[in-house]
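In this text, residue positions in the sequence shown follow my numbering: the first is 39, and each later residue adds one. Where is the CB? At the ideal position from N, CA and C, for every residue including glycine. Quantities reported herein were computed from a predicted structural model and do not represent experimental measurements.
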Amino acid sequence: MSDPSPTVAGVFHDSKENDVNPDPILFLSGAGLPAWIWDDVRADLPGESVVAAYPKRGDARSADYAAAALEQVPAGSFTIVAHSIGGVVASRIVTTAPERVTGVLGVAASFPAAGASFLTGLPAPQRVLVGLIMRVAGTRPPEKAIRSTLCAGLDEEVTGHIVAEFAPESRHLYQDAVTPRTFPAHTGFVVTTEDRQMATALQYRYATELGSGFRRELPTGHLPMLQDPAALAGIVREFTTGGR
Numbered sequence: 039m040s041d042p043s044p045t046v047a048g049v050f051h052d053s054k055e056n057d058v059n060p061d062p063i064l065f066l067s068g069a070g071l072p073a074w075i076w077d078d079v080r081a082d083l084p085g086e087s088v089v090a091a092y093p094k095r096g097d098a099r100s101a102d103y104a105a106a107a108l109e110q111v112p113a114g115s116f117t118i119v120a121h122s123i124g125g126v127v128a129s130r131i132v133t134t135a136p137e138r139v140t141g142v143l144g145v146a147a148s149f150p151a152a153g154a155s156f157l158t159g160l161p162a163p164q165r166v167l168v169g170l171i172m173r174v175a176g177t178r179p180p181e182k183a184i185r186s187t188l189c190a191g192l193d194e195e196v197t198g199h200i201v202a203e204f205a206p207e208s209r210h211l212y213q214d215a216v217t218p219r220t221f222p223a224h225t226g227f228v229v230t231t232e233d234r235q236m237a238t239a240l241q242y243r244y245a246t247e248l249g250s251g252f253r254r255e256l257p258t259g260h261l262p263m264l265q266d267p268a269a270l271a272g273i274v275r276e277f278t279t280g281g282r
C-alpha cells in the first residue's frame, strides 16, 4: 500500500490512458474516512475516478451528500462504487439522477429498504448500541471501536492515520429514511467475510436489497481498499469492464 497521505477528494485521477473505462467511477466512502483510503485501488484501475468529498456540516441531510457528490462528477454517465454508509448516499443519487448512473457496486455497503435509515436498518442490538453512542458521543466512534472494528486487519501505522483523520458526519446521514429508488440493471456487491463492523449476514441482506447478481467475497475486514487493494481493484475492474 502507498504511504497514507492526503489527496484532494473531488479531483479526477486517470491512471491508464491507454485502457480507458467507458464511464468514470465515483467512489463513495464510509463515514468519517479520508479520500486517500482509495489511492491504491484507483491507481490500479483504468480510466477516470473521483472520491466524493462529503459536506462537513452538522445539519447536512443525505440529499446534501448526494448533491455534493454529483457536483464533483462531470456531465454524463458514471459508475458508483459505494462503501459502508456510502450506500445510503448512492441510494439518494440514483433517486436524484437515475439517468446518469450506469452501475452500482457496493463494498460492505448499507442499502436499507425504502423507508428505513442506516440506523434503523441495523440489527436490533447494534441499532441500540450505535444509537446510544451517537446520543452520548456524536457520530465519531470511540477510538477503541475504530481500532478494533473499523480497522480490524490493518497495521498500526495505517490504523493510527485513520484514527487521527476520522471526521464525524452529520447525524442526518445515519437517521434520514431512504426514499424509494430504482437501481440500474448493472449492480454488484463485495462481501467482506472477516468484517467486525458489518456482519456478513447483514451484507448479504443489503446485497439482496441492491438486487446484485454480481457478488464477490473478500476475506478482509471492513476496509478492503486498505487491507487488500489489489484484490478489490481487480473486482472493481471486473465489474466495470467485464461484469455486465
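Minimum C-alpha distance to residue i - residue among the options
i    : options                  : result
V89  : W74, A98 and D97         : W74
H121 : W76, P136 and V111       : W76
P161 : I184, G70, R243 and V111 : R243
S148 : T258, V274, A69 and L264 : A69
V119 : R80, F156 and K182       : R80
S115 : T140, I184 and A223      : T140
Straight-line Cα distance separating residue j from residue i
i    : j    : result
A106 : Q241 : 26 angstroms
E207 : A101 : 14 angstroms
R253 : T246 : 10 angstroms
L261 : R138 : 27 angstroms
G226 : L66  : 15 angstroms
V229 : L256 : 6 angstroms
E276 : A269 : 11 angstroms
P163 : P150 : 17 angstroms
G249 : V168 : 27 angstroms
I123 : I63  : 17 angstroms
N59  : L170 : Residue placement at N59 cannot be trusted, given a pLDDT of 48 that sits under 50; what the coordinates show is reported in the next sentence. Spanning the two alpha carbons is a distance of roughly 43 angstroms.
V46  : P179 : With a pLDDT of only 43 at V46, under the threshold of 50, the placement of this residue in the model should not be trusted; the figure read from the coordinates follows. Each residue's alpha carbon lies about 24 angstroms from the other.
L71  : G153 : 26 angstroms
V274 : L83  : 8 angstroms
Residue i - containing beta strand (DSSP E), residue span
i    : result
F227 : T225 to T230
G10  : Here the chain has residues from 39 to 282 only, and residue 10 is not among them.
V79  : Careful: V79 lies outside any beta strand (DSSP E), inside the alpha helix (DSSP H) at D77 to A81.
The alpha helix (DSSP H) enclosing residue i, as first and last residue numbers
i    : result
H210 : R209 to Q213
E109 : S100 to E109
T197 : E194 to E203
G124 : G124 to T134
L240 : T238 to L248
F277 : P267 to T279
A120 : Careful: A120 lies outside any alpha helix (DSSP H), inside the beta strand (DSSP E) at F116 to H121.
Exposure label - residue i; buried when at least 16 CB within 10 Å
i    : result
A271 : buried
L143 : buried
V289 : Nothing can be reported for residue 289: it is not among the residues displayed for the chain, which extend from 39 to 282.
E195 : exposed
R173 : exposed
E86  : buried
G191 : buried
D97  : exposed
A104 : buried
D193 : exposed
*Could you tell me whether the segment 127-136 touches the segment 216-226, using the rule of 3 or more Cβ pairs below 8 angstroms?*
yes
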